[in-house]
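Peer 1: First to last, the sequence lines map onto chains A and B. Residue numbers for the first sequence follow this note's numbering, so the first one is 1 and each next one is one higher. Residue numbers for the second sequence follow this note's numbering, so the first one is 194 and each next one is one higher. Using N, Cα and C, we set each Cβ at its ideal position, and we do this for glycine too.
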Amino acid sequence: MSQNGNEPRKHTIAVLVENKFGVLSRVAGLFSARGYNIESLSVGETLDATVSRMTIVVHGDEFVIEQVMKQLHKLIDVIKVSDLTDDDHVERELMLIRINAEPQHRAEILRTADIFRAKVVDVTPLSFTLEATGDEEKLEALIELLRPMGIQELVRTGKVAIARGPKTRARKTVEPPKRPRVPDDPRVVGFAD
Amino acid sequence: MKMPGARIVLECLKREGVDVMFGLPGGAVLPIYDALYDFEGLRHILVRQEAAAGHAAEGYARTTGRVGVCLVTSGPAATNLVTALQDAYMDSIPIVAFTGQVPTHLIGNDAFQEADNCGITRPCTKHNFLVKDGKDLGPIIREAFHLAATGRPGPVHIDLPKDILVKEAELVWPQRVQMRSYNPNYDGHPGQIKKAARLLARAERPVLYVGGGVIIADADAELRELAELTQTPVTTTLMGLGAFPSAHPLSLEMLGMHGTYYANMAVHHSDVLVAVGARFDDRVTGRVEAFAPHAQIVHIDIDPSSISKNIKVDVPIVGDCRRVLRALIEAVREELGHDVPASVREGRRQWADRIGEWREKFPLRYEWSDDVIKPQYVIQELSNLTQGEAFLVTGVGQHQMWAAQYYKFRHPRRWCTSGGLGTMGYGLPTAMGVQAGQPGRLVVNVDGDGSFAMNSQELATCFTEGLPVKTIIINNSGHGMVRQWQRIIYKERYCAIDLPGVPDWVKLAEAYGCVGLRVSKPAEVVPALEKMLSTPAPVVLDVCVDKDECVFPMVPAGGANTEMILAPPTREVRDRAARSQTGF
């Protein structure tokens with residue numbers, strides 16, 4: 001049931017946190033305690049080793065997401081929370097997938113991998129293991145195409161997302177101050193232009 | 194200067210201005226107690242059960258406005274403390290709780306008296322710390338006190354492994370606390386304040402809905418000024434009692450599930466509701482869809498996550514109550530300077546009349562009896578005898594509601610009750626903490642027989658430590674509030690509510706070295722109260738009251754605040770209440 005008439009949907013939230021003992025547990029605990037629906041969570045260090053970045057995919061309507069963001073902010077170790085869903089952003093996820101490789105399917109699998117720019121990272125007489133990165137749609141499509149061959153095992157990292165850069169560069173030009181033209185030659189008294 | 198970790202802890206407490214702490218020793222914290230042996234300037238009050246240490250710290254913090262401190266050992270002691278931490282978390286009370294922990298190399302090894310203290314308290318504290326290095330003790334303690342006392346206050350837990358307490362380290366005391374991830378916003382947004390001022394100045398049926406936040410911010414003077422300036426009636430939550438004098442003509446007293454008829458009706462029919470330092474708790478709102486349906490809501494709160502959490506508000510203002518109220522008063526003065534239309538003035542007059550009618554129609558009342566003591570009478574007489582000046586603490590249950598309804602509060606920070614968590618057994622240990630912070634003042638614990646039994650062992654602490662707390666047990670031989678619900682909503686299917694007359698409270702009090710008194714007839718009440726108040730020792734007054742009394746008004750769970758039950762219900766009302774049981 002959603003309030004405000006908004007439909008629940010997936011939101012991608014980026015959280016910057018202090019890289020301290022227990023912070024992952026705090027965030028996970030917050031979600032479990034309040035009953036919010038985590039679809040995926042990935043975390044890693046940033047350029048600043050004292051700051052980690054988490055990308056969380058949450059399912060909910062506007063009202064729920066507003067509370068999620070506020071509750072995240074309330075945690076003492078959380079530095080910044082941004083909802084990337086409606087802004088321009090790039091999302092990627094990494095997937096490792098091991099499929100049955102019957103002799104008659106092997107060429108097909110390699111072609112599919114090629115189309116999706118996936119890499120083959122393991123080959124055995126009975127299986128191929130592919131590594132693929134992309135956004136959610138691409139990975140879902142790859143899984144669907146490989147399903148008929150028989151997927152043995154599948155592991156995904158969860159999304160990471162980053163905001164796109166600004167579209168225009170604000171060019172700041174500093175005009176040199178206008179100085180009156182002074183003639184070098186003492187015989188010239190002024191300029192006609 | 195190098196010193197053992199245990200001594201660093203005590204030095205830090207001294208620098209934070211702590212003068213009393215509540216605790217109970219154990220193996221993991223022996224180093225601290227050894228350092229305490231010859232440490233000047235810090236009083237340690239030995240309690241009989243660790244939860245009592247936590248509750249005492251709460252009582253101390255609430256009435257003095259300072260941060261309460263408690264110290265317990267590892268394992269079972271830390272887990273015993275969890276109830277008090279969750280209670281402080283729900284009611285936003287600043288305490289710093291120290292727990293012992295097994296040495297760092299044994300953590301995770303299922304050692305003796307080991308528990309994952311930090312893991313267990315993570316959800317019930319504002320923040321917690323596990324100290325891994327002695328040189329971090331100073332910065333951590335400084336940060337802990339800062340977190341506990343600022344923004345929305347709350348409990349902070351520090352876990353101290355034993356080897357850290359023994360090892361020598363440098364005492365590092367930071368000059369300032371600066372946290373990039375924690376910067377509460379104290380000043381409200383001027384645009385929002387102006388909007389709120391305009392709404393309030395032109396409201397025809399305004400109500401001020403005041404919560405514990407006003408007391409935490411010490412904003413009672415500003416509240417009074419605003420109420421009197423705009424002639425707005427004021428209703429308080431359970432936590433906000435004392436923020437506005439109960440006897441003031443503009444006071445509607447408490448609202449909510451057991452609030453007064455006139456307060457609930459006023460909020461329901463208001464056109465502008467200004468919420469200050471309150472969080473729209475479910476005990477106050479009743480059925481959310483039916484709460485203040487015609488009102489534009491202004492919400493002033495320091496915690497952004499409280500705003501629009503249960504009820505969407507129209508003018509949210511994040512900030513400290515005191516600062517925002519001050520700015521709001523100036524903005525309202527400016528608005529009132531412009532022309533306020535005559536229709537508004539007329540509307541206000543009618544509003545005041547209407548509220549007067551509701552007050553007359555359904556005041557708080559109970560039926561007198563010459564044979565059996567009515568609990569409401571006891572509270573009334575207590576209020577008269579103490580003139581509303583006592584420090585009042587309660588347990589949880591019917592007696593708590595009667596104390597909230599019938600005691601005429603005059604000042605803030607004299608009322609301690611477990612609101613958010615509703616912890617039975619809260620009364621006596623908290624009263625001890627209040628007394629420790631208010632030596633020489635009168636502290637009264639209004640308790641129930643069920644609640645009192647949960648922490649009655651603290652009578653020993655009262656006796657040994659010279660804390661002359663006066664306890665009144667509203668004794669109805671059972672779990673009164675549960676009995677009331679089973680009577681009204683569960684069709685008199687009474688189950689597991691009887692507490693037959695054991696222990697003999699008078700004998701128990703005397704066994705603990707305290708004074709025990711008992712009354713069972715209405716005529717005996719006032720003399721006994723007078724005797725109790727004038728005895729300079731801890732007293733337990735066992736008052737045998739009418740078992741069948743219920744707290745009215747009552748909004749059945751899942752009902753709207755206008756569906757109050759005002760008197761012992763007929764079958765029809767009971768059936769309706771049973772059907773509306775959709776909430777908790």
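Quick check: the Cα distance between G776 of chain B and G581 of chain B, rounded to an integer number of angstroms?
Peer 2: Low per-residue confidence applies at G776 of chain B: pLDDT is 49, beneath 50, and the placement is therefore not dependable, though the value from the model is reported in the following sentence. Approximately 35 Å between the Cα atoms of the pair.
Peer 1: Can you check DSSP and say which residues form a bridge with L93 of chain A?
Peer 2: Note that residue 93 of chain A corresponds to Glu in the displayed sequence, not to Leu. Beta-bridge pairing links E93 of chain A to A:G134.
Peer 1: Can you pull the chain A residues whose beta carbon is under 7 Å from the beta carbon of H320 of chain B, in chain order?
Peer 2: Those are I76, listed as they occur along chain A.
Peer 1: Between which two residues does the alpha helix (DSSP H) harbouring T423 of chain B extend?
Peer 2: Run containing T423 of chain B: D413 to T423, per the alpha helix (DSSP H) assignment.
Peer 1: Pick from B:N648, B:K700 and B:M214: whose alpha carbon is nearest that of A245 of chain B?
Peer 2: If we check each option's Cα against that of A245 of chain B, B:N648 comes out closest.
Peer 1: One question on the structure: do H492 of chain B and V506 of chain B come within less than 8 Å of each other, judged by their Cβ atoms?
Peer 2: Yes, they are a contact pair.
Peer 1: Along chain B, in chain order, which residues have C-beta atoms closer than 7 Å to that of G29 of chain A?
Peer 2: Within chain B, the residues near G29 of chain A are R315 and P316.
Peer 1: Any chance the segment 70-85 of chain A sits against the segment 371-383 of chain B, with 3 or more Cβ pairs inside 8 Å?
Peer 2: As far as the Cβ criterion goes, the segment 70-85 of chain A touches the segment 371-383 of chain B, which means the pair count is three or higher.
Peer 1: With a cut-off of 8 Å, does the C-beta of S40 of chain A fall near any C-beta of chain B?
Peer 2: So no, S40 of chain A is outside the interface.
Peer 1: Tell me which residue opens and which closes the beta strand (DSSP E) that C263 of chain B is part of.
Peer 2: Counting along the chain, the beta strand (DSSP E) containing C263 of chain B begins and ends at G261 to V265.
Peer 1: Are L652 of chain B and A730 of chain B closer than 8 Å when you measure CB to CB?
Peer 2: It is not a contact, given that the beta carbons lie outside the stated cut-off.
Peer 1: Provide the residue span of the beta strand (DSSP E) that contains T12 of chain A, from first to last.
Peer 2: R9 to E18 is the extent of the beta strand (DSSP E) around T12 of chain A.
Peer 1: Are the beta-carbon atoms of V260 of chain B and A249 of chain B separated by less than 8 Å?
Peer 2: No, the Cβ-Cβ distance between V260 of chain B and A249 of chain B is not below 8 Å.
Peer 1: With a cut-off of 8 Å, does the C-beta of S2 of chain A fall near any C-beta of chain B?
Peer 2: With a pLDDT of 45 at S2 of chain A, under the threshold of 50, the predicted position of this residue should be treated as unreliable, though the coordinate-derived value follows. Taking Cβ atoms only, chain B never reaches closer than 8 Å to S2 of chain A, which makes this a no.
Peer 1: Quick check: T157 of chain A and L84 of chain A, are their CB atoms within less than 8 Å of each other?
Peer 2: Taking 8 Å as the Cβ cut-off, T157 of chain A and L84 of chain A do not qualify as a contacting pair.
Peer 1: Reducing DSSP to helix, strand and coil, say where D83 of chain A ends up.
Peer 2: D83 of chain A: strand per DSSP, three-state reduction.
Peer 1: Grouping DSSP H, G and I as helix and E and B as strand, with all else coil, what is F116 of chain A?
Peer 2: Note: F116 of chain A maps to coil in three-state DSSP.
Peer 1: Is the beta carbon of M447 of chain B closer than 8 Å to that of T425 of chain B?
Peer 2: Not in contact: T425 of chain B and M447 of chain B (Cβ atoms no closer than 8 Å).
Peer 1: For W561 of chain B, collect the residues of the same chain with a Cβ closer than 7 Å to its Cβ; drop the 5 residues on either side in sequence, then sort them by chain order.
Peer 2: Around W561 of chain B: K567.
Peer 1: Confirm, please, whether the CB-CB distance from L518 of chain B to L416 of chain B is below 8 Å.
Peer 2: In contact: L416 of chain B and L518 of chain B (Cβ atoms closer than 8 Å).
Peer 1: Which residues, in chain order, does the segment 352-377 of chain B contribute to contact with chain A at a C-beta distance below 9 Å?
Peer 2: The residues in question are M372, R373, S374 and Y375.
Peer 1: How is the beta strand (DSSP E) around Q681 of chain B delimited, first residue to last?
Peer 2: The question names Gln, but residue 681 of chain B in the sequence shown is Ile. Element bounds for I681 of chain B: not the beta strand (DSSP E) but the alpha helix (DSSP H), G673 to I681.
Peer 1: Would you report the Cα separation of P224 of chain B and A281 of chain B, rounded to the nearest angstrom?
Peer 2: Approximately 27 Å, taken between the alpha carbons.
Peer 1: Does DSSP put C688 of chain B in a helix, in a strand, or in coil?
Peer 2: DSSP places C688 of chain B in coil when its eight states are reduced to three.
Peer 1: Going residue by residue through the segment 697-748 of chain B, where are the continuous alpha helix (DSSP H) segments of at least 4 residues, counting only ones entirely within it?
Peer 2: Listed in chain order, they are 698-704 and 715-727.
Peer 1: Figure out for me which residue from B:D532, B:K724, B:V211 and B:V744 has the closest Cα to the Cα of P762 of chain B.
Peer 2: The shortest C-alpha separation from P762 of chain B is found at B:V744.
Peer 1: Mind checking which residues open and close the beta strand (DSSP E) that includes R577 of chain B?
Peer 2: First, the amino acid is wrong: residue 577 of chain B is Asn here, not Arg. Counting along the chain, N577 of chain B falls outside any beta strand (DSSP E), though it belongs to the alpha helix (DSSP H) covering P568 to T579.
Peer 1: Is the Cβ-Cβ distance between V589 of chain B and G626 of chain B less than 8 Å?
Peer 2: No, Cβ-Cβ distance for V589 of chain B and G626 of chain B is not below 8 Å.
Peer 1: Would you verify that the beta carbon of K502 of chain B is, or is not, closer than 8 Å to some beta carbon of chain A?
Peer 2: Answer yes: the Cβ-Cβ gap between K502 of chain B and chain A drops below 8 Å somewhere.
Peer 1: Kindly give me the distance between the Cβ atoms of G60 of chain A and P8 of chain A, rounded to whole angstroms, as I take these residues to be in contact under 8 Å.
Peer 2: Their Cβ separation, rounded to whole angstroms, is 5 Å, which keeps G60 of chain A and P8 of chain A in contact under 8 Å.
Peer 1: Going by other Cβ atoms of all chains shown within 10 Å of its Cβ, with 16 needed for buried, is D640 of chain B buried or exposed?
Peer 2: Buried is the call here.
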